[in-house]
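Asks:
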Amino acid sequence: VSDFLGALADIFSADATYNSAFQLAVLFAFAAVGEWVSERSGALNISVEAMLLAGAFGAAMGFQLGNLAIMGLLVGMAAGVGVASVQANLSHRLSADQFVVGLALNVLVFGLAAFLDSAWGPGPARAATFEIPLLVDIPLVGQALFGRPWPAYFVYAFVPLMWWLVFRTRWGLEVRASGENPQSADVSGVDVNARRRQTIYLLGITAGFGGAFVVLGQVGQFQPSIIGGRGFIAIAAVLFGGWTLRGTVLGCLIFGLVEAVAIAAPVKGYEVDPFFLDAAPYFVAIVVMMLFARRVREPAALTRPFIRGLK
Amino acid sequence: MSATAAPPVPSTQLTQPGRFGSTERFAVGAYAISILSALFLSGLLVAMTGGSATSVFDALLDGSLRSPGAWGLTATTMAPLLLVAVGSILSSRAGLVNIGQEGQLILGSAFAAYLAVRLPLHAAVSLPVTLLFAGFGGLLWAGLAALLKRRFAIPEVLSTLLLTFIAFPFTVLGLRFQSLLGDRSERVNHVNTGEQLPEDMRLPNLALFGNQIDSGALLAVGVAVVLAVVLARSVLGFKLDIVGKNPRTAQRFGISATRAGVLALLASGFFAGVAGGVLLTGGAASDRFSAGYSNNFGWDGLLVALLARNRMALAIPMAFVFASLRTGSSFLASTGVDRKITDVVQALLVLALLIPPALIFLRERRQALAATRERV
Numbered sequence: 002v003s004d005f006l007g008a009l010a011d012i013f014s015a016d017a018t019y020n021s022a023f024q025l026a027v028l029f030a031f032a033a034v035g036e037w038v039s040e041r042s043g044a045l046n047i048s049v050e051a052m053l054l055a056g057a058f059g060a061a062m063g064f065q066l067g068n069l070a071i072m073g074l075l076v077g078m079a080a081g082v083g084v085a086s087v088q089a090n091l092s093h094r095l096s097a098d099q100f101v102v103g104l105a106l107n108v109l110v111f112g113l114a115a116f117l118d119s120a121w122g123p124g125p126a127r128a129a130t131f132e133i134p135l136l137v138d139i140p141l142v143g144q145a146l147f148g149r150p151w152p153a154y155f156v157y158a159f160v161p162l163m164w165w166l167v168f169r170t171r172w173g174l175e176v177r178a179s180g181e182n183p184q185s186a187d188v189s190g191v192d193v194n195a196r197r198r199q200t201i202y203l204l205g206i207t208a209g210f211g212g213a214f215v216v217l218g219q220v221g222q223f224q225p226s227i228i229g230g231r232g233f234i235a236i237a238a239v240l241f242g243g244w245t246l247r248g249t250v251l252g253c254l255i256f257g258l259v260e261a262v263a264i265a266a267p268v269k270g271y272e273v274d275p276f277f278l279d280a281a282p283y284f285v286a287i288v289v290m291m292l293f294a295r296r297v298r299e300p301a302a303l304t305r306p307f308i309r310g311l312k
Numbered sequence: 002m003s004a005t006a007a008p009p010v011p012s013t014q015l016t017q018p019g020r021f022g023s024t025e026r027f028a029v030g031a032y033a034i035s036i037l038s039a040l041f042l043s044g045l046l047v048a049m050t051g052g053s054a055t056s057v058f059d060a061l062l063d064g065s066l067r068s069p070g071a072w073g074l075t076a077t078t079m080a081p082l083l084l085v086a087v088g089s090i091l092s093s094r095a096g097l098v099n100i101g102q103e104g105q106l107i108l109g110s111a112f113a114a115y116l117a118v119r120l121p122l123h124a125a126v127s128l129p130v131t132l133l134f135a136g137f138g139g140l141l142w143a144g145l146a147a148l149l150k151r152r153f154a155i156p157e158v159l160s161t162l163l164l165t166f167i168a169f170p171f172t173v174l175g176l177r178f179q180s181l182l183g184d185r186s187e188r189v190n191h192v193n194t195g196e197q198l199p200e201d202m203r204l205p206n207l208a209l210f211g212n213q214i215d216s217g218a219l220l221a222v223g224v225a226v227v228l229a230v231v232l233a234r235s236v237l238g239f240k241l242d243i244v245g246k247n248p249r250t251a252q253r254f255g256i257s258a259t260r261a262g263v264l265a266l267l268a269s270g271f272f273a274g275v276a277g278g279v280l281l282t283g284g285a286a287s288d289r290f291s292a293g294y295s296n297n298f299g300w301d302g303l304l305v306a307l308l309a310r311n312r313m314a315l316a317i318p319m320a321f322v323f324a325s326l327r328t329g330s331s332f333l334a335s336t337g338v339d340r341k342i343t344d345v346v347q348a349l350l351v352l353a354l355l356i357p358p359a360l361i362f363l364r365e366r367r368q369a370l371a372a373t374r375e376r377v
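Laid out in structure tokens, this is it:
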């Protein structure tokens, strides 16, 4: 046991652990906070995985337009919105089942990205690192929080912005009403399905950005396995957070840290069975949900399609 | 429509034919346009990447049906897809969203791989036992999801998905130990591959017009037909439908939605597991278990169920279509188009076929509303 604790202490005292933890947390945050907004409106989108992957591939393609990271981000977000618009219109305009649409989109984008990647093969794409002076010198976490590729810093503005949007605007109130009691919202003049579609477009933008960040700020090149189920972990983070914003962000940090530890252990020379490393993020996601799923209350109309006149 | 609260489709037509003729004609037109659009988009994609859509189509047909022995292989490949689809249909009829078939299937294969090389019995006994054991493996994995749902209120959408990502490293773990799935023979290079199945532990083939058809295909079709009858004609099937369509009504009729849900989820895992066993003992994949052995059979089987709109009988031809895309894709190398195009075609078909029923539903609703307005 003391060996184990010593190893953990060793891993937790390394800069690299926090670096990769924060990198992953940024990805999770863009996906999970966007999904959080959408779930507050009553829509659950497992296609967030597809949006992340589309964002990642879009970023790799966009970067080729003049080797600009900003183009990568823009094309990545556009690709995310493209996937989102299919989910939004099929599920919340034509009232097709949202899980079926999400699943089909996941398969479609995975096939499409792999197919186009083998046909076009976009090369490496990387955003420049920007270090914030002074703050970057903080021991242990300075590098992780303030010495990142520049798109990462958007997360500091993004999370408060989403809070403001959901809790301090009329639109946000209507979104929450759509998620809690769509029938009442409807008779009050709120277009429930329009609000849901809008939150999904927003998710497309944020998840597209998150996916683009994985390519531009983390891996530096597109691979079909680049997202590898992290979108589903982002959904688990929303549940872990009990549909609160701060809980969701905390969930992202925890899941980021778990995966970072799994990455750091073999690098540091500790013999851990690969099973535990590969399964760790998903295993922890399940355990964490076991602890919290009963104690939180989901938006009352979550996953219930809204069709006027039908309950 | 599958899953949670699918809107009930009005069965009787309330008004005279609308602008676009009768509902039947509208439906045929909508389906035709959707399918053609999906195929057109796929062709466009091939053309965009510098391939030829007609030669791709030709190669797919050659690989799946026209070349010697091809349709037998396609029928063989259909077996695991159909078994997965059958299970998926059961769970979504009960209103549950099991989307972890890929993990349940690989667990089934792993369980089969363990038992198949260890049973000292005659093949006529040990083959069925192995398949049942494979089903047990899938059932176990789905059972975990059921437990997480009932005890811990974790939605099965999430748990089945996350469990899939645990199933993969779990089977790799098994492959590292010779006492579990690891190869016990003296082979030099056996990293991440299991032991070869003995000859008599392979499902017998049926020779038909020069084609070798796996008996697994007959099993799968048989199961689908039997369950189609059970769902349509028995009290059990009726109960399942009530639970799926309206759990509150079910409760009032004294049907436990919880129990039906758990049973449906277990059955769905069981059939995914059997599919894994058929995959291992049949001719659709290698006779040696390996890491990532499921090779998307679980996901594709789930798509078959979605494509069949949760009707058992329809799942049979749909599974054959998907199997054709799979066997046909091995002929794509000559056209220079990556075989991943078939994944795209499959998903596009599923998405395209979601649209017509939704349009029909909305149209009937609009007509019904118009009728009530006329009456006032």
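Taken in order, these protein sequences are the chains called A and B. When the letters of the first sequence are read in order and numbered with my numbering, they come out as residues 2 to 312. When the letters of the second sequence are read in order and numbered with my numbering, they come out as residues 2 to 377. We put the beta carbon where it would ideally sit given N, CA and C, even for glycine.
1. Using DSSP bridges, identify the partner residues of A:Phe-131.
2. Which word fits B:Thr-77, buried or exposed, when buried means at least 16 other C-beta atoms lie within 10 angstroms of its C-beta?
3. Contact check, B:Ala-39 vs B:Leu-349 under 8 Å by CB: the rounded distance?
4. Is B:Pro-121 near the ligand ADP - that is, is its Cβ less than 8 Å away from at least one heavy atom of it?
5. Distance, Cα to Cα, A:Arg-149 vs A:Thr-130?
6. Is the shortest distance between the beta-carbon of A:Pro-183 and the beta-carbons of chain B less than 9 Å?
7. If you compare alpha carbons, which of A:Pro-275, A:Arg-298, A:Gln-24 is closest to A:Val-142?
8. Which stretch, first to last residue, makes up the beta strand (DSSP E) that contains B:Phe-171?
9. Taking CB distances under 9 Å as the criterion, tell me whether A:Trp-151 reaches chain B.
10. Would you please state the rounded distance, in angstroms, between the beta carbons of A:Gly-180 and A:Gly-81? I believe it to be under 8 Å.
11. Take B:Ser-186 and list the residues in its own chain whose beta-carbon comes closer than 8 Å to its own, dropping the five residues that flank it on each side.
12. Kindly identify the DSSP beta-bridge partner or partners of B:Ala-314.
13. Between the segment 125 to 142 of chain B and the segment 251 to 264 of chain B, are three or more C-beta pairs nearer than 8 Å?
14. Excluding the 5 residues preceding and the 5 following A:Pro-306 in the sequence, name in chain order all residues of the same chain whose CB lies nearer than 6 Å to its CB.
15. Could you give the DSSP three-state label for B:Ser-331: helix, strand or coil?
16. Compare the C-beta of A:Ile-227 against all C-beta atoms of chain B and say whether one is closer than 9 Å.
17. Which chain B residues sit within Cβ distance under 9 Å of A:Met-62?
18. Once DSSP output is grouped into helix, strand and coil, what is the label at A:Gln-99?
19. Assign B:Ser-257 to one of three DSSP states: helix, strand, or coil.
20. Name the residues in the segment 279 to 292 of chain A whose C-beta lies less than 7 Å from a C-beta of chain B; which are they?
21. In angstroms, rounded to a whole number, what distance separates the CA positions of A:Met-291 and A:Ile-133?
22. What's the call for B:Trp-72, buried or exposed, on a 16-neighbour Cβ count within 10 Å?
23. Name the chain A residues whose beta carbon is nearer than 7 Å to that of B:Ala-359?
24. List in chain order: all unbroken alpha helix (DSSP H) runs of 4+ residues lying wholly within the segment 182 to 251 of chain B.
25. State the beta-bridge partners of A:Ile-264 as determined by DSSP.
26. Assuming A:Phe-241 and A:Gly-248 make a contact with CB atoms under 8 Å, what is their CB distance in whole Å?
27. Near B:Ser-43, what residues of its chain come up, given a Cβ to Cβ distance below 8 Å and the 5 sequence neighbours on each side ignored?
28. What residues in the segment 96 to 107 of chain B bring their beta carbon closer than 7 Å to a beta carbon of chain A?
29. DSSP on B:Arg-289, reduced to helix/strand/coil?
30. Assuming contact is defined by CB atoms lying nearer than 9 Å, are B:Thr-165 and B:Arg-327 in contact in what I supplied?
31. Return the residue from the list A:Leu-74, A:Ala-44, A:Val-101, A:Ile-264 that minimises the CA-CA distance to B:Ala-359.
32. Do the CB positions of A:Val-176 and A:Ser-21 come within less than 9 Å of each other?
33. Quick one: grab the DSSP three-state call for B:Asp-344.
34. Output, in chain order, the set of chain A residues within a Cβ distance shorter than 8 Å of B:Ala-154.
35. Verify whether the separation of the beta carbon atoms of B:Ala-60 and B:Ala-316 is less than 9 Å.
36. Within the same chain, show all residues whose beta-carbon is closer than 8 Å to that of A:Arg-296, passing over the 5 residues directly before and after it, in chain order.
Replies: Let's see:
1. Answer by DSSP bridge pairing, in chain order: A:Arg-149.
2. Answer is buried; the Cβ neighbour count reaches 16.
3. Between B:Leu-349 and B:Ala-39 the Cβ distance is about 4 Å, and since that is below 8 Å, they are a contact.
4. For the ligand ADP, the structure offers nothing, since it holds no ligand at all.
5. Distance between the alpha carbons of A:Arg-149 and A:Thr-130: 5 Å.
6. Not flagged as an interface residue toward chain B: A:Pro-183, since no C-beta distance is shorter than 9 Å.
7. It is A:Gln-24 whose Cα lies nearest to the Cα of A:Val-142.
8. For B:Phe-171, there is no enclosing beta strand (DSSP E); the enclosing alpha helix (DSSP H) covers residues 157 to 176.
9. Answer no: the Cβ-Cβ gap between A:Trp-151 and chain B never drops below 9 Å.
10. Not confirmed; about 22 Å, so no contact.
11. Excluding sequence positions up to five before and after B:Ser-186, its CB lies within less than 8 Å of the CB of Glu-196, Gln-197, all in the same chain and listed in chain order.
12. For B:Ala-314, which the question treats as bridged, DSSP gives no partner whatsoever.
13. Touching, no, given that fewer than three Cβ pairs across the two stretches are closer than 8 Å.
14. So the qualifying residues of the chain are Ser-96.
15. Shown here, B:Ser-331 sits in a helix according to DSSP, grouped into three states.
16. No - not a single Cβ of chain B is within 9 Å of the one on A:Ile-227.
17. By Cβ distance, chain B contributes nothing, its closest Cβ being about 13 Å from A:Met-62, past 9 Å.
18. DSSP places A:Gln-99 in helix when its eight states are reduced to three.
19. It is coil, neither helix nor strand.
20. So the close ones are Asp-279, Ala-280, Tyr-283, Phe-284, Ala-286, Ile-287, Met-290, Met-291.
21. Going by the C-alpha atoms only, they are around 39 Å apart.
22. So B:Trp-72 counts as buried.
23. The contacting residues are Leu-95, Ser-96, Ala-97.
24. Counting whole runs of 4 or more residues, the segment 182 to 251 of chain B contains the alpha helix (DSSP H) stretches 216 to 234, 236 to 246.
25. Beta-bridge pairing links A:Ile-264 to no other residue.
26. A Cβ-Cβ distance of about 7 Å is found for the pair A:Phe-241 and A:Gly-248, placing them in contact under the 8 Å criterion.
27. If we look at B:Ser-43 and ignore the five residues flanking it on each side, its Cβ neighbours are Ala-54, Ile-342, Val-345, Val-346, Leu-349.
28. Residues of the segment 96 to 107 of chain B that bring their beta carbon within less than 7 Å of a beta carbon in chain A comprise Val-98, Ile-100, in sequence order.
29. Three-state result, B:Arg-289: strand.
30. No, these two residues do not count as a Cβ contact at 9 Å.
31. The residue with the shortest Cα to Cα distance from B:Ala-359 is A:Val-101.
32. Against a cut-off of 9 Å, the Cβ pair of A:Ser-21 and A:Val-176 comes out as no contact.
33. Residue state, collapsed to three classes: helix.
34. Here the neighbours are Ala-294, Arg-295.
35. For the pair B:Ala-60 and B:Ala-316, the CB atoms are not nearer than the 9 Å cut-off.
36. Only Gly-243 meet the Cβ criterion.
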